[in-house]
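Have a look at the structure below before the remarks.
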Amino acid sequence: MGAEGTLFTTKTGELSVHVREARLLVKSLHPLPEKFHGLADQETRYRKRYLDLVMNEASRRVFERRAAIVDFIRAFLKARGFLEVETPMMQPITGGAAARPFVTHHNTLDMTLYLRIAPELYLKRLLVGGLEKVFEINRNFRNEGLSTRHNPEFTMLEFYEAYATFEDLMGLTETLIRGLAVAVLGHTRLPYQGVEYDLSKPFSRMTVKEAILRFNSDIDPATLGSLDLARRCARERGLSIEEGWGLGKVQLELFEKTAEERLGEPCFITAYPTEVSPLARQNERDRLSPTASSSSSPARRSRTVSRS
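Going letter by letter, the sequence shown gives residues 104 to 411 in the numbering used here.
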């Protein structure tokens, strides 16, 4: 509806219009949800985002905060000498993660291409080319599950710094997240799923093994050093373990299924096994290990990738 008239304030303080003329601007096939209950159906909110934005102020704030988050991240990294880049979204091979890609075809070149599952390969080529600090706020595509917690198309922050250790990048990431909270929320207290976290506190740091042992008090540390014992331990917990998996892969499965969701507070997980850490530089403490080349060895690699 379009209305013309005189603006005035009611006795209750609500700004209103004393209408002299009204006309229909566009027909409405479906009326908006009534104001008292609003738009509460979750299915409708996600399928009709425009309707959710019309009816729910909280949804509009999410969009505004997301824009503020991206602006802060970009300014934070640029102020520290990082160069923002854009890498190809269509790639001849997939890499940088283990995921099922979307497949497409380039007619002119008559070749199969894949929507990227991660920008890692191209960002690392930029390091080789001499760009020592690079980052990309990018779109990734993974042809997998769909839920309110998992989307096949999503935004990721990925940054790299030549000559920096994973400890350096953990410190940078912690500073980034803490500053981001202050810039967007005005404080460092973050409520999430009924629990309030204080981002001003130092983030905890644990290795994969330490996390497994922390949340599985009945596992003996020696179990995680033996492939046979680790397999038996995982199967006793109902995990599906394939015969070809080495010790590192079994350790990661135990971590993801029994520890990861219980971390809660902000935490860095380090010392991922070599077997599950492609394209990562081996940890200095393990480089001279006589078993570091074994595919089943739990030798660790340092890998820090910050994602948003």
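Glycine is no exception: its CB is placed at the ideal position from the N, C-alpha and C atoms. From a predicted model like this one, the values you see are computed outputs, not experimental measurements.
Assigned with DSSP and collapsed to three states, D389 falls in helix. Assignment of A161 by DSSP, reduced to helix, strand and coil, places it in the helix class. Judged by DSSP in its simplified three-state form, T113 adopts coil rather than helix or strand. Annotation: the region 258-309 contains the following complete segments of the alpha helix (DSSP H) (minimum length 4 residues), in chain order: 269-288.
Secondary structure note for E146: its alpha helix (DSSP H) is the uninterrupted segment 145-150. Measuring C-alpha to C-alpha distances from F262 to each of G289, H290, L218, R183 identifies R183 as the nearest.
A straight-line Cα-Cα distance of about 39 Å links T115 and L283.
Assignment of beta-bridge partners to F238 by DSSP yields E187, F262.
Contact between F238 and L260 holds, with the beta-carbon distance rounding to 7 Å and staying under 8 Å. V311 counts as buried, since no fewer than 16 other beta carbons sit within 10 angstroms of its beta carbon. Leaving aside the five residues that flank R126 on each side, the residues in its chain whose CB is nearer than 7 Å to its CB run, in chain order, G105. Distance from the CA of R242 to the CA of S119, rounded to the nearest whole angstrom, comes to 44 Å. In this structure, T291 sits away from F318, with a CB-CB distance that is not shorter than 8 Å. The three-state reading of DSSP puts T211 in coil, since its state is none of H, G, I, E or B. Boundaries of the beta strand (DSSP E) harbouring L118: 118-126, taken from the DSSP string. Between Q354 and I315, the C-beta gap is smaller than 8 Å, which places the two residues in contact. For F371, there is no enclosing alpha helix (DSSP H); the enclosing beta strand (DSSP E) has its first and last residue at 370-373. Comparing C-alpha distances from L226 to each of P136, D331, T190 shows the shortest one belongs to T190. Taking a cut-off of 8 Å on C-beta distances, the region 169-176 does not touch the region 243-256, as fewer than three cross pairs fall below it. P376 sits in a strand when the DSSP states are folded into three classes. Using a 10 angstroms sphere on the CB of Q194, the tally of other CB atoms reaches 16 or more, which defines it as buried.
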